[in-house]
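Residue numbers (the working numbering), protein chains in the order written: chain F, 53 to 218; chain C, 411 to 776.
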């Protein structure tokens with residue numbers, strides 16, 4: 053009889069089992085399973101989000117560094133062009149200055165030559181005058197000495213005239 | 411190496427138990443009439459059966475016992491509730507307790523209502539009650555009280571965890587960090603792989619089922635506790651819920667497989683269809699028997715090992731009992747640890763198979 057009792061389900065016990073199980077299901081569903089599973093899912097999605105955000109930030113960083121590289125490259129090119137330009141300007145300036153200087157020098161030389169010429173002409177004129185004076189004086193003397201006879205006088209006149217004609 | 415020694419240990423255990431059983435069997439056969447030899451069966455049966463009071467230790471009026479409320483339902487209406495202490499730990503089948511107009515007697519742990527006008531219980535020669543009927547017993551028995559205790563623990567633990575999960579948005583801590591992996595284990599390793607994409611609908615039920623069985627298994631292992639999941643009424647309810655959920659959620663192809671099994675010749679249909687219909691019931695029936703038998707067997711083994719001491723005392727004397735007791739205690743401890751494993755294992759198997767049945771009933775065949 054005892055062993056039969058072991059495998060004979062009691063209706064009252066079944067009733068209480070149903071009551072307790074349903075109670076447990078209703079309460080735990082609302083107060084345990086939902087919040088626990090929701091927190092797990094939220095955590096999972098937040099981890100996924102954080103990972104994708106990190107990935108995005110990494111890509112952005114790469115993009116930025118590529119950008120930086122480009123800016124640097126541009127700067128380098130600009131620097132080179134600036135240096136080139138400066139060099140050209142410098143060369144220009146130098147050559148211009150050289151040209152100017154040489155033209156100035158030429159000018160100076162020219163003016164100096166002109167002046168020298170002037171001075172030379174002046175001196176030559178003075179010298180000519182002097183020579184003329186001296187010549188006249190000499191001529192006077194010569195004439196004085198030469199013109200002692202008529203023949204020589206005549207010859208002189210002729211010669212002078214000949215010269216004058218030329 | 412360890413598995414080898416474990417195997418040795420099991421062999422030793424089996425031989426030891428066999429020799430003891432043989433010894434006691436030969437003894438009982440020799441002295442089958444000797445009433446002084448301790449018979450452990452009534453005590454074991456008493457421990458694994460349900461009762462109207464929660465008995466811890468001691469005998470009679472001086473024992474440590476919690477008296478539980480008795481509620482009966484007869485065709486005349488509700489009787490009670492009253493406390494089981496009215497029966498005074500009494501095994502006297504003739505004690506009549508008067509509740510209102512009803513005369514009640516307790517025979518073999520069951521409370522009977524004497525027929526109207528009867529004042530005394532009368533028995534036939536095989537000790538069957540003649541002049542009484544058996545009302546439906548809705549008492550808060552030891553098993554019901556134990557289930558309420560498990561309910562309390564579950565609500566406490568998961569209430570705290572659920573509250574924490576709601577408030578806390580970072581990593582789990584404390585109790586939640588212990589229970590969350592278990593919940594996720596049930597979801598990700600039991601429910602999801604077996605049910606598939608519709609698993610969300612069944613998840614609350616299966617989680618509740620797992621933790622209900624687990625908690626009752628574990629509460630049942632406490633000293634002095636009830637044998638809740640080793641009671642057929644409780645496993646019958648759980649497997650009936652499995653039966654209902656499986657068949658209510660069964661889709662066209664599930665019923666098609668039962669009433670029109672594909673690939674079966676027409677001549678075999680008269681055999682196959684009844685087999686398939688029986689199959690609907692055998693699956694939950696196996697669940698019911700498996701849980702009931704595993705938990706009851708665990709309790710019986712532990713109680714038997716303890717009973718060895720008393721058997722030795724009555725059969726071989728005090729010295730034998732004292733020298734046997736350390737061995738019995740070690741074996742009981744070992745069995746208790748195995749029972750902890752079994753508590754988890756049976757909760758796992760019951761939930762796994764229920765998920766599998768639901769999965770088979772809801773799977774899409776394209």
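Every residue gets a Cβ at the ideal spot worked out from N, C-alpha and C, and that includes glycine.
Bridge partners - residue 522(C), DSSP secondary structure assignment: 515(C)
Of the listed residues 722(C), 728(C), 773(C), 710(C), nearest to residue 453(C) (C-alpha basis): 710(C)
Limits of the alpha helix (DSSP H) - the one that residue 713(C) falls within: 679–726
For residue 757(C) and residue 571(C), the rounded distance between their alpha carbons: 20 Å
Beta carbon proximity, residue 124(F) to chain C, threshold 8 Å: no
Three-state class that DSSP yields for residue 547(C) in the structure shown: strand
Contact set for residue 631(C): own chain, Cβ-Cβ below 8 Å, skip 5 residues either direction: 746, 749, 750, 753
Sub-8 Å separation of residue 694(C) and residue 755(C) beta-carbons: no
Residues of the stretch 584–611 of chain C with Cβ closer than 8 Å to any Cβ of chain F, in chain order: 586, 589, 590, 593, 594, 597
Contact check, residue 512(C) vs residue 489(C), beta carbons under 8 Å: yes
Short CB-CB distance (under 8 Å) between residue 643(C) and chain F: yes
Those residues which DSSP pairs with residue 507(C) across a bridge: 514(C)
C-alpha gap between residue 120(F) and residue 149(F), whole angstroms: 42 Å
Residue-level contact to chain F via CB, residue 490(C), 8 Å cutoff: no
Short CB-CB distance (under 8 Å) between residue 129(F) and chain D: As a matter of chain content, chain D is missing from the structure shown, whose protein chains are F and C.
Residue-level contact to chain C via CB, residue 88(F), 8 Å cutoff: yes
Reduced DSSP category for residue 667(C) - H, G, I as helix; E, B as strand; rest coil: helix
Neighbour flag for residue 696(C) against chain F, beta carbons, 8 Å: no
Residues that residue 563(C) contacts on chain F, provided the C-beta gap is smaller than 9 Å: Residues of chain F passing the Cβ test: none, with the nearest at roughly 11 Å.
Residue 166(F) burial status per 10 Å Cβ neighbour count (16 or more: buried): exposed
Interface residues of chain C facing residue 65(F) [CB-CB closer than 7 Å]: 460, 551, 553, 554, 641, 643, 644
Beta-carbon neighbours of residue 745(C), restricted to chain F and to distances below 9 Å: Going along chain F, no residue has its Cβ under 9 Å from residue 745(C), so there is no contact; the nearest lies around 20 Å.
Residues bridged to residue 468(C) (per DSSP): DSSP, once it has assigned bridges, lists no residue as partnering residue 468(C).
Chain C residues whose Cβ lies nearer than 9 Å to that of residue 99(F): The premise fails here: residue 99(F) is roughly 11 Å from chain C at the closest Cβ pair, so nothing lies under 9 Å.
Interface residues of chain C facing residue 108(F) [CB-CB closer than 9 Å]: Residues of chain C passing the Cβ test: none, with the nearest at roughly 22 Å.
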